[in-house]
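Peer 1: Chains as they are written, first to last, in this note's numbering: chain A, 1 to 246; chain B, 247 to 548.
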Amino acid sequence: MAETVIRTEKLTKRFGDFVAAHELTFEVDKGEIFGFLGANGAGKTTAMRMLCGLSIPTSGKAMVAGFDVFTQPDEIKKNIGYMSQKFSLYEDLTVSENIKFYAGIYGLSIKQIKLKTEELLTELSLKNEAKVLVSELPLGWKQKLSFSVALVHQPKVVFLDEPTGGVDPVSRRNFWDLIYYAADKGVTVFVTTHYMDEAEYCNRVSIMVDGVIAALDSPTNLKKQFSSDSMDDVFYKIARGAKRSE
Amino acid sequence: MVELKNIKKTYNKGSIIAVEDISFNVDKGELFGLIGPDGAGKTSIFRMLTTLMIPDSGTASVNGFDIVKEYKAIRNCVGYMPGKFSLYQDLTVEENLSFFATIFGTTIKENYDLIKDIYVQIEPFKKRMAGKLSGGMKQKLALSCALIHKPTVLFLDEPTTGVDAVSRKEFWAMLKKLKQQGITIIVSTPYMDEAILCDRIALIQAGKILSLDTPEKIVTNFQDKLYAVKANNTYKLLTDLRKFSLTNSCFAFGEYLHVTFSENISENTVTAYLEKLGHTNIEFKTTIPTIEDCFIKLITSP
Numbered sequence: 001m002a003e004t005v006i007r008t009e010k011l012t013k014r015f016g017d018f019v020a021a022h023e024l025t026f027e028v029d030k031g032e033i034f035g036f037l038g039a040n041g042a043g044k045t046t047a048m049r050m051l052c053g054l055s056i057p058t059s060g061k062a063m064v065a066g067f068d069v070f071t072q073p074d075e076i077k078k079n080i081g082y083m084s085q086k087f088s089l090y091e092d093l094t095v096s097e098n099i100k101f102y103a104g105i106y107g108l109s110i111k112q113i114k115l116k117t118e119e120l121l122t123e124l125s126l127k128n129e130a131k132v133l134v135s136e137l138p139l140g141w142k143q144k145l146s147f148s149v150a151l152v153h154q155p156k157v158v159f160l161d162e163p164t165g166g167v168d169p170v171s172r173r174n175f176w177d178l179i180y181y182a183a184d185k186g187v188t189v190f191v192t193t194h195y196m197d198e199a200e201y202c203n204r205v206s207i208m209v210d211g212v213i214a215a216l217d218s219p220t221n222l223k224k225q226f227s228s229d230s231m232d233d234v235f236y237k238i239a240r241g242a243k244r245s246e
Numbered sequence: 247m248v249e250l251k252n253i254k255k256t257y258n259k260g261s262i263i264a265v266e267d268i269s270f271n272v273d274k275g276e277l278f279g280l281i282g283p284d285g286a287g288k289t290s291i292f293r294m295l296t297t298l299m300i301p302d303s304g305t306a307s308v309n310g311f312d313i314v315k316e317y318k319a320i321r322n323c324v325g326y327m328p329g330k331f332s333l334y335q336d337l338t339v340e341e342n343l344s345f346f347a348t349i350f351g352t353t354i355k356e357n358y359d360l361i362k363d364i365y366v367q368i369e370p371f372k373k374r375m376a377g378k379l380s381g382g383m384k385q386k387l388a389l390s391c392a393l394i395h396k397p398t399v400l401f402l403d404e405p406t407t408g409v410d411a412v413s414r415k416e417f418w419a420m421l422k423k424l425k426q427q428g429i430t431i432i433v434s435t436p437y438m439d440e441a442i443l444c445d446r447i448a449l450i451q452a453g454k455i456l457s458l459d460t461p462e463k464i465v466t467n468f469q470d471k472l473y474a475v476k477a478n479n480t481y482k483l484l485t486d487l488r489k490f491s492l493t494n495s496c497f498a499f500g501e502y503l504h505v506t507f508s509e510n511i512s513e514n515t516v517t518a519y520l521e522k523l524g525h526t527n528i529e530f531k532t533t534i535p536t537i538e539d540c541f542i543k544l545i546t547s548p
């Protein structure tokens, strides 16, 4: 049986009277690409923050990378990777400085940092750009770099929050090649996106509506279940009834 | 209604080219789309047409007015919704709307008809600070503010970026209604699937127009025979098909891969190759190209 990397049971977060996330129960396996979809305001960010150890749940249970979100949030932070489109790299540091910085933050030794920097620069074909400021890189390259930086400490699971916004269709697909490659090596990928074609690239997809998980299955099964020919249509059928918007 | 002739814009003393020699016209009542990724030059075009920035060279006019000499006249007759939320966060919904109405010498009441369909959705929150609104509500307020003086041309810079698929559909339905009221609309988007909702589109990348036509014509111009291929392991299928000697291009498109070949090819040749590599449940069929296929072809062909 596959190893479970994320396991939640009735995970709930309330802000006063408002139930942002209500009794979320799901499991994600090692090496799985798990799509986490939902309308704006459905509770995705709240759920992700709990799983990343940044927000203590109100009730329920959750284990991430072998640690408890209630009692071991700091251990979780050390054992996961995180990348969001909004914040990831320091624009006023060079490519290699960014890699060194993140590797240092995650406690790699000086020797490891040196090795890792070399390795990443080669893997991403960024050797010639090592001393270039990140602000001068094209967006597609920045996204690839910040994904690699999120994996610098070899976490079991990586959280990607709308990683591909704004890039051209070819860069977007190149980015997904990296995701597939990482998953193939056993990294669990937990990803949110507004591109419904990207939902099709996931092994399984969950769709949140008004704080609850309204559907969770493989894209193929979801399409069967909702008699749809695309995930776009599935999403529309599930989410159009949503009552709240953030 | 809008006319650009050889417009060029650079930043940083000419070292960064934002827009290079761009020319196009938008007709009255048209819904025109600028489709391209970040850094394509979409926002620069908007800023020049809304007279917030002067081009390095070239000329352009909006509603017959020159964007440099007659900028004041343009400012009175256009509505602009920037990509970045730019309303007053510390004013309420209603205060923002009435502020914009007053600036343009009108009242909410006078043009209420135009914004009614959009504004009713946020009216229950009219006493709320704009900064405290959700993304979708901010978007609706910004659109209401851009419309309150009944502009002849409406500029919308990436109104649906970061917005979920359901709200995006609703937003485009609103645009369609505005178009029916005779407003000329220029809208930009990085979402290729929204392109087909425009009358005409310009596909842009790195400051240049790659193609400009109706979405239907752009699709017709895609000459290659396009195939959709699917098998049990998508990632392996992608890498194996890219290694296939007759493959011209191969990209993931939802659950299928879209593939073109360098010569006419029979289904059997491909499936035999794939079966030998251990693929199962192979599906192979011709498919109709999307705008995204066209865009990819334009930016990858030498």
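Quick reminder that beta carbons are idealized off the backbone N, C-alpha and C, glycines included. No experiment lies behind these values; they were computed from the predicted model shown.
Helix or strand or just coil, what does DSSP make of B/C444?
Peer 2: Reduced to three states, the DSSP call for B/C444 is coil.
Peer 1: If we define contact as Cβ-Cβ less than 8 Å, is A/N40 a contact residue for chain B?
Peer 2: True, the Cβ-Cβ gap to chain B drops below 8 Å.
Peer 1: Looking at C-alpha atoms only, which residue of B/K288, B/T256, B/Y519 is the closest neighbour of B/I528?
Peer 2: For the residues B/K288, B/T256, B/Y519, the minimum Cα distance to B/I528 belongs to B/Y519.
Peer 1: Can you tell me where the alpha helix (DSSP H) with B/I455 in it begins and where it stops?
Peer 2: Per DSSP, B/I455 belongs to no alpha helix (DSSP H); it is in the beta strand (DSSP E), 454-459.
Peer 1: Apart from the five residues just before and just after B/T398, which ones in its own chain have a Cβ nearer than 6 Å to its Cβ?
Peer 2: Within the same chain, B/T398 has close Cβ partners N309, C323.
Peer 1: Taking any Cβ of chain B, which residues in the segment 192-209 of chain A have a Cβ under 9 Å from it, in chain order?
Peer 2: Listed by position along the chain: H194, Y195, M196, D197, E198, A199, E200, Y201.
Peer 1: Are there three or more Cβ pairs, one per stretch, closer than 8 Å when the segment 89-100 of chain A is compared with the segment 161-174 of chain A?
Peer 2: As far as the Cβ criterion goes, the segment 89-100 of chain A does not touch the segment 161-174 of chain A, which means the pair count is below three.
Peer 1: What are the residues in the segment 471-502 of chain B lying within 8 Å of chain A by C-beta distance?
Peer 2: Residues T480, Y481, L484, F497, A498, F499, G500, E501.
Peer 1: At the 8 Å Cβ level, is B/M438 part of the contact set with chain A, yes or no?
Peer 2: True, the Cβ-Cβ gap to chain A drops below 8 Å.
Peer 1: Taking A/F235 as the query, report the chain B residues whose CB atoms sit under 9 Å from its CB, ordered along the chain.
Peer 2: Result: D410, A411, V412.
Peer 1: Between B/F278 and B/A419, what straight-line distance do the alpha-carbon atoms span, to the nearest angstrom?
Peer 2: Answer to the nearest angstrom: the Cα atoms are 15 Å apart.
Peer 1: Note down the Cα distance separating A/P57 from A/A39, rounded to an integer number of angstroms.
Peer 2: The straight-line gap from Cα to Cα measures roughly 21 Å.
Peer 1: Take the Cβ of A/A239 as the centre, count every other Cβ of all protein chains shown within 10 Å, and call the residue buried at 16 or more, exposed below.
Peer 2: Its Cβ being crowded by 16 or more others within 10 Å, A/A239 is buried.
Peer 1: Would you say B/V265 and B/G453 are within 8 Å of each other, going by their C-beta atoms?
Peer 2: Result yes, Cβ atoms of B/V265 and B/G453 sit closer than 8 Å.
Peer 1: Please list the terminal residues of the continuous beta strand (DSSP E) segment that includes A/V158.
Peer 2: Residues 157-161.
Peer 1: Does B/G453 get closer than 8 Å to chain A when you measure Cβ to Cβ?
Peer 2: It does not: the Cβ of B/G453 has no partner Cβ on chain A nearer than 8 Å.
Peer 1: If you drop the 5 nearest sequence neighbours on each side, which residues of the same chain put their C-beta closer than 8 Å to that of A/Q85?
Peer 2: Only Q143, D161, E162, P163, T164, G165, G166 meet the Cβ criterion.
Peer 1: Kindly list the residues whose CB is nearer than 6 Å to the CB of A/N203, restricted to its own chain and excluding five residues on each side of it in sequence; keep chain order.
Peer 2: For A/N203, where only same-chain residues beyond five positions count, the Cβ hits under 6 Å are E32, I33.
Peer 1: Would you identify the three-state DSSP class for B/I291, choosing helix, strand or coil?
Peer 2: Three-state DSSP puts B/I291 in a helix.
Peer 1: Would B/G377 pass as an interface residue toward chain A - the criterion being a Cβ-Cβ separation below 8 Å?
Peer 2: Answer no: the Cβ-Cβ gap between B/G377 and chain A never drops below 8 Å.
Peer 1: Spatial neighbours of B/T256 within its chain, please: CB distance less than 8 Å, with the 5 preceding and 5 following residues excluded, ordered by chain position.
Peer 2: Closer than 8 Å at the Cβ level, and outside the excluded window around B/T256, lie I262, I263, A264, D302.
Peer 1: By the DSSP assignment, the alpha helix (DSSP H) with B/C540 in it spans what residues?
Peer 2: Its alpha helix (DSSP H) spans residues 537-546.
Peer 1: What residues of chain B sit near A/V167, judged by a beta carbon separation below 7 Å?
Peer 2: In chain order: P283, D284.
Peer 1: May I ask you to report which of helix, strand or coil DSSP gives A/A199?
Peer 2: Helix.
Peer 1: Could you give the distance in angstroms between the alpha-carbon of A/S230 and the alpha-carbon of B/V409?
Peer 2: Taking the straight line joining both Cα atoms gives about 19 Å.
Peer 1: Which residue wins for smallest C-alpha separation from B/S380, given the options A/E27, A/Y102, A/A42?
Peer 2: Here the closest residue by C-alpha is A/A42.
Peer 1: When you compare the CB of A/L89 with every CB in chain B, is at least one pair closer than 8 Å?
Peer 2: Chain B contact via Cβ: absent.
Peer 1: Determine the chain B residues that contact A/P219 at a beta-carbon separation under 7 Å, and present them in chain order.
Peer 2: Going along chain B in sequence order, the residues near A/P219 (Cβ under 7 Å) are E501.
Peer 1: Quick one: give me the first and last residue of the alpha helix (DSSP H) that B/N342 is part of.
Peer 2: Taken as a continuous stretch (DSSP letters only), the alpha helix (DSSP H) holding B/N342 covers 339-349.
Peer 1: Quick one: list the residues of chain B neighbouring A/A2, beta-carbon separation under 8 Å, in chain order.
Peer 2: Result: empty, since nearest Cβ-Cβ is about 16 Å, beyond 8 Å.
Peer 1: CB-CB under 7 Å to B/F490, same chain, minus the five flanking residues each way: which ones, in chain order?
Peer 2: For B/F490, where only same-chain residues beyond five positions count, the Cβ hits under 7 Å are Y519.
Peer 1: What span of residues does the beta strand (DSSP E) with A/G75 cover, start to end?
Peer 2: For clarity, residue 75 of chain A is Glu in the given sequence; the question names Gly instead. Per DSSP, A/E75 belongs to no beta strand (DSSP E); it is in the alpha helix (DSSP H), 73-79.
Peer 1: Given that a residue counts as buried once 16 or more other Cβ atoms are within 10 Å of its Cβ, and exposed if not, what is B/I268?
Peer 2: Looking at its Cβ environment, which holds 16 or more other Cβ atoms inside 10 Å, B/I268 is buried.
Peer 1: State buried or exposed for A/Y195, treating a residue as buried only when at least 16 other CB atoms are found within 10 Å of its CB.
Peer 2: That one is buried.
Peer 1: Would you kindly work out how many angstroms separate the C-alpha atoms of A/A130 and A/L139, rounded to a whole number?
Peer 2: Spanning the two alpha carbons is a distance of roughly 16 Å.
Peer 1: For the segment 114-125 of chain A against the segment 64-76 of chain A, are there 3 or more C-beta pairs whose distance is under 8 Å?
Peer 2: Result no; under three Cβ-Cβ pairs closer than 8 Å.
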